[in-house]
Amino acid sequence: MRRSALRIPMAVCAGGLAALVIAACGGGGGGGGGQAKTAAPEGAQKGGTLTVLSNADVDYIDCGAAYYQFSYQVEYAMCRPLYSYKPETRGLPDPDVASGPAQVSDDGKTVTVKMKSGIKFGPPVNREVTSKDVKYAIERGFNKSVANGYASAYFGDVQGAEDAAKKADGSPIDGLVTPDDHTIVFKLTKPTGTAVAEALGLPLSTPVPPEYAKPLDAKTPSEYGNHLVATGPYMIPNDKSGKLTGYEPMKNITLVRNPNWDAKTDYRPAYLDKIVVKEGVDPDVGSRQIVDGQNLVNGDFTPPPAILKQVATTKKDQLLLIPSGGGRFMSFNFKVKPFDDINVRKAVIAGMDRNALRLTRGGPVIGPIMQHQIPPEIPGFEEAGGNNPPPEADWLKNPAGDKTVMAKYFKAAGMSSGKYEGSDKILVVGDDSGVGGRAAEVAASQLEDMGFKLNFRQVPHSTMYTKFCNVPKAQVSFCPNTGWFKDFFDAQTLLDPTFNGSNILQENNSNWPQMDDPTVNKLLDQGKVTVDRAKRAQMFAEADKRITDLAPNVPWVWDKQPNIASKNVAAVGSSFNATIDLNFTSIKK
Amino acid sequence: MGRYIVRRLLWVVVLVFAVVTLTFVIFSVLPSADPARLRAGRSPNQQLVKDIRHRFKLDKPIYVQYGKYIGDLVTNLDFGHSYQNDTDVLDEILKRLPATISLAIGGAIVWLIMGISVGIVSAIYRRSVLDRVAMGLSLVAISAPVFWLGLVALYVFADDIGKIPILPGAGSYVPLTDDPVEWFTSLILPWCVLAAAFAAIYARLLRGNLIETMSEDYIRTARAKGLSERKVILKHGLRSAITPVVSALGLDLGLLLAGNAILTETVFNIPGIGRLSYNAIINSDLPTIEGVVLFGALFIVVLNLIVDIAYAFIDPRVRYT
Chain A
1 MRRSALRIPM AVCAGGLAAL VIAACGGGGG GGGGQAKTAA PEGAQKGGTL
51 TVLSNADVDY IDCGAAYYQF SYQVEYAMCR PLYSYKPETR GLPDPDVASG
101 PAQVSDDGKT VTVKMKSGIK FGPPVNREVT SKDVKYAIER GFNKSVANGY
151 ASAYFGDVQG AEDAAKKADG SPIDGLVTPD DHTIVFKLTK PTGTAVAEAL
201 GLPLSTPVPP EYAKPLDAKT PSEYGNHLVA TGPYMIPNDK SGKLTGYEPM
251 KNITLVRNPN WDAKTDYRPA YLDKIVVKEG VDPDVGSRQI VDGQNLVNGD
301 FTPPPAILKQ VATTKKDQLL LIPSGGGRFM SFNFKVKPFD DINVRKAVIA
351 GMDRNALRLT RGGPVIGPIM QHQIPPEIPG FEEAGGNNPP PEADWLKNPA
401 GDKTVMAKYF KAAGMSSGKY EGSDKILVVG DDSGVGGRAA EVAASQLEDM
451 GFKLNFRQVP HSTMYTKFCN VPKAQVSFCP NTGWFKDFFD AQTLLDPTFN
501 GSNILQENNS NWPQMDDPTV NKLLDQGKVT VDRAKRAQMF AEADKRITDL
551 APNVPWVWDK QPNIASKNVA AVGSSFNATI DLNFTSIKK
Chain B
1 MGRYIVRRLL WVVVLVFAVV TLTFVIFSVL PSADPARLRA GRSPNQQLVK
51 DIRHRFKLDK PIYVQYGKYI GDLVTNLDFG HSYQNDTDVL DEILKRLPAT
101 ISLAIGGAIV WLIMGISVGI VSAIYRRSVL DRVAMGLSLV AISAPVFWLG
151 LVALYVFADD IGKIPILPGA GSYVPLTDDP VEWFTSLILP WCVLAAAFAA
201 IYARLLRGNL IETMSEDYIR TARAKGLSER KVILKHGLRS AITPVVSALG
251 LDLGLLLAGN AILTETVFNI PGIGRLSYNA IINSDLPTIE GVVLFGALFI
301 VVLNLIVDIA YAFIDPRVRY T
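In the order they appear, the protein sequences are chains A and B.
Residues in the first sequence are numbered consecutively from 1, following the numbering used here.
Residues in the second sequence are numbered consecutively from 1, following the numbering used here.
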């Protein structure tokens, strides 16, 4: 999910745009810092105004289009999907508009969701939500005017969705059935019900009133975002026509209480009376304002290393470190020499000082060294080895780098000196600024020490992805600023887009190694259609082991995201989104 | 004079056209991020990228895109639609213009007052302790990066994070029409930070010119006529020495109004054109970049024209035909 940027799709986050943006994706972690507080304090008080400081804007204010961590932070306060995540939830999402867990049929081809009564749209719609609103919400995700980034990935197996995606005009989808006003059934062409059920926790399943939204969706791009109707405890102020008056792109977003929200239908306490998002804030200045000020929390940026260090040591109560559910790694390209040779890849991983890479983002405080592909808190993590690399992977044993093991693999690749002996320059493309730029420079320096001659290009983060690393024909050998984060607590969202051969794309490719290994593909494809969650986790763990054995990347950190709050703010962190949960945060008495 | 102005205005059209074309070529030819892929987010299907590309007309040949852009600009004054914010570029620029004008004009007033005063004092008392201190400080001001100076100013004076909290800090900007007093106080720190380097440059420039002018024959004549030293300096010396400063002012002000106060706007979170252009560049939002460049070019050219005309009034030796 998320990132920073462009609006930054998650992957972008992974690498880090400018320091500002990157910070947004950041990590935090292990030592020294605060705890991931995931519950409101006893007797938290109602009322008050909280200000969220942010560097950039949400990617889309329309919940049906948003696909960015910061957007989720803001929009989960206004939009109630069928399911969502309580702050402490680290697994299946909790019923929200739904009245209970999604029922996945034994064959995995049908998902049935029952919905609560009494949930109403905010002004100006003011009527009760029905299952037809959820059906329309998902259908419009396939409309090119909305351009949702994950509708096809998670709802593409709904019967009729493929045609809807081709037409891209918001046509009805036959496989979305509404037998009554409070039931919606997803009929699937493949047994992918488990992933569909989890994806219902994403904001696309937020009900959208068709009679109000259709004329707005008929425009390209859709105008619905500027007329967003709330279902959650908060709404953006609007005029009588529904046009938002409390949102100025790149400047500010104001959230006030939604008069039609009924607390009895919701698990959110919604302590705050008002939330103001101030955008365009410099992360350094903003972090200091938060630490020293009142009623402030961070939005899309994380504190710069110097302030993080200060807060982690002297103001721990103001710091929340939340595992981000993802990792940062440096990707080899299997299709370009010399990294088509597995021994060269293993030698580079063995020789790389990953502790030095982690220091570029703040050291151990930002999280443990990444050892394989499934991160902590995701099912399959323990089965894949937990915090340790697979036993046979000697190239991953020493995070500080092991020159002996490195030499062993270079020799196995036919380089008797134990260093790289090729004479051609290899193309390395990394970030040109911020912490991403520093990581790229450290990696380049280490590669040169190993004997590589580099054509090292540093470009803006967005350019790095969209013109180089995500484009196979650019023939980049090594991408030092890649990474990936969960969409929800399932390893499919981490492994399938990045390692399944069927996901090698000519543009917007996230399978950076261009890995097309039959064993990996088979394990991932089986995992995706496995309904039982334990078996599913085991399947993905097996895939993880096989992937790690093929040495597709230099894994260097499973990061935690540092969030900060003013002293008088009882901040609560969302385990799902790794940000401060605005629905549970309150002002201290 | 009338013909001169008309001729210059015609050059404005040619220059603006050239600037817009050059910007378009630079962003089309050099590797920058693909707006459609950025907009599509993480792992979208190919159809989605294609649809977005079609929506932005990025699937058309570059010369067609360029032709349409110029056509819309000339016929409808349409600056295009932002890839990033789904808003009209002209609306976005106009919304942000007051903040940038507030910053640039206020900053210019501060640096003119500081620069001219220090320049005159340094020239009159040249090689004195006062002169050496002033010129030493001006070197520091010129060398200090604006973002650093901004951060230092905030950490010292801002009312939220400063050690001597006496002035509103970052994010406190309010439009003049909302609250004039708050507008003024919120801009004191940004004005000072923005003005520091300019004031130093202007002071040094004026000092050098004034020292040279004060050794001219007509200055000696003025003194011989018995004019007071104050009149000699202000009426005869300064009037001649200040023309390069006025020339520089036109260019500097134009650059700032074109969005070059980007660092000051960033540090102090002032929602002006500088921040808009920064975000546009980061996100390869070509229509917004084009719009800002076009606006900037207009400002620079028009302000230079005003400066050239002002020359004629400041220095009677200058006449245009």
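For each residue, glycine too, the CB sits at the ideal point set by N, CA and C.
This structure is a prediction, so every number in the text was calculated from the model and none was measured.
- Within the 7 Å Cβ cut-off, does Gly414 (chain A) reach chain B? no
- Query: When burial is assigned at 16 or more other CB atoms within 10 Å of the CB, is Gln514 (chain A) buried or exposed?
  - Reply: buried
- Message: Can you determine whether any heavy atom of the ligand HEM sits closer than 6 Å to the C-beta of Pro98 (chain B), and answer yes or no?
- Response: Ligands displayed in this structure: none; no statement on the ligand HEM is therefore possible.
- Message: Using a Cβ-Cβ cutoff of less than 8 Å, which residues in the same chain neighbour Lys225 (chain B) once the five nearest sequence positions on both sides are dropped?
- Response: none
- Query: Taking Cβ-Cβ distances below 8 Å as the criterion, which residues of the stretch 113–139 of chain A are in contact with chain B?
  - Reply: none
- Task: Go ahead and pull the three-state DSSP assignment for Ile289 (chain B).
- Result: helix
- Classification of Gln103 (chain A) by the beta-carbon crowding that lies within 10 angstroms, buried from 16 upward: exposed
- Taking the alpha carbon of Val630 (chain A) as the point to measure from, which residue in A:Asn333, A:Lys408, A:Ile342 has its own alpha carbon closest? In the structure as shown, chain A starts at 1 and stops at 589, and residue 630 (chain A) therefore has no counterpart that could be examined.
- So with Cβ pairs under 7 Å, would you call Val52 (chain A) a contact of chain B? no
- Task: Less than 8 Å between the CB atoms is what I'm expecting for Leu205 (chain B) and Pro180 (chain B), so what's the real figure, rounded?
- Result: Wrong, their Cβ atoms sit about 33 Å apart, outside the cutoff.
- Message: Just checking: is the beta-carbon of Ala24 (chain A) within a distance shorter than 7 Å of some beta-carbon in chain B?
- Response: Bear in mind that a pLDDT of 35 at Ala24 (chain A), under 50, signals an unreliable position, so the model cannot answer this.
- Query: DSSP on Ala347 (chain A), reduced to helix/strand/coil?
  - Reply: helix
- Range of the contiguous beta strand (DSSP E) that encloses Lys535 (chain A): No beta strand (DSSP E) holds Lys535 (chain A); the alpha helix (DSSP H) holding it covers 533–549.
- For Asp160 (chain B), which residues in chain A fall below 7 Å Cβ to Cβ? Gln289, Asp292, Gly293
- Task: Using a Cβ-Cβ cut-off of less than 7 Å, give me the residues of the stretch 255–283 of chain A that come near chain B, in sequence order.
- Result: Lys278, Gly280, Val281, Asp282
- Taking only runs of the beta strand (DSSP E) that begin and end inside the stretch 379–449 of chain A, which ones reach a length of at least 3 residues, in chain order? 425–431
- Message: Using 8 Å for Cβ pairs, my map puts Ile138 (chain A) next to Leu92 (chain A). What's the rounded Cβ distance?
- Response: Not really, about 19 Å apart at Cβ, beyond 8 Å.
- Query: Is the CB-CB distance between Val52 (chain A) and Val297 (chain A) below 7 Å?
  - Reply: yes
- Item | Check whether Ala197 (chain A) and Pro233 (chain A) have beta carbons under 7 Å apart | no
- Task: For my contact list, Asp217 (chain A) and Asn143 (chain A) are in at a C-beta cut-off of 8 Å; report their separation, rounded to the angstrom.
- Result: 6 Å
- Span of the alpha helix (DSSP H) holding Phe157 (chain B)? 146–157
- Complete runs of the alpha helix (DSSP H) confined to the stretch 485–514 of chain A [at least 4 residues]: 492–499
- Query: Taking the alpha-carbon positions, what's the Phe540 (chain A) to Gly325 (chain A) distance?
  - Reply: 15 Å
- Message: Please state the DSSP three-state secondary structure of His227 (chain A).
- Response: helix
- Spatial neighbours of Phe381 (chain A) within its chain, please: CB distance less than 6 Å, with the 5 preceding and 5 following residues excluded, ordered by chain position. Ile374
- Task: Pick out whichever of A:Ala444, A:Ile369, A:Lys453 has its Cα sitting closest to the Cα of Cys479 (chain A).
- Result: A:Ala444
- Anyone know if the C-beta pair for Arg345 (chain A) and Ala199 (chain A) falls short of 7 Å? no
- Message: Please identify the residue among A:Phe584, A:Ala578, A:Asp273, A:Lys403 whose C-alpha is closest to the C-alpha of Ser71 (chain A).
- Response: A:Ala578
- Item | Neighbouring residues, chain A, relative to Leu286 (chain B) (Cβ below 8 Å) | Those do not exist, as Leu286 (chain B) stays about 13 Å from chain A at its closest Cβ, beyond 8 Å.
- Query: Since Pro249 (chain A) contacts Asp57 (chain A) with CB under 8 Å, what's their CB separation in whole angstroms?
  - Reply: 5 Å
- Apart from the five residues on each side of it in sequence, which residues of its chain come closer than 6 Å, Cβ to Cβ, to Phe147 (chain B)? Leu263, Val267
- Query: How about Gly171 (chain B): is its C-beta nearer than 7 Å to some C-beta of chain A?
  - Reply: yes
- Item | Simplified DSSP state of Gly451 (chain A), which is helix, strand or coil | coil
- Give me the Cα-Cα distance between Ser105 (chain A) and Val111 (chain A), rounded to the nearest whole angstrom. 6 Å
- Item | Per-residue DSSP class, three states only, for Gly170 (chain A) | coil
- Task: Report yes if the CB atom of Leu149 (chain B) is closer than 7 Å to the CB atom of Ala196 (chain B), and no otherwise.
- Result: yes
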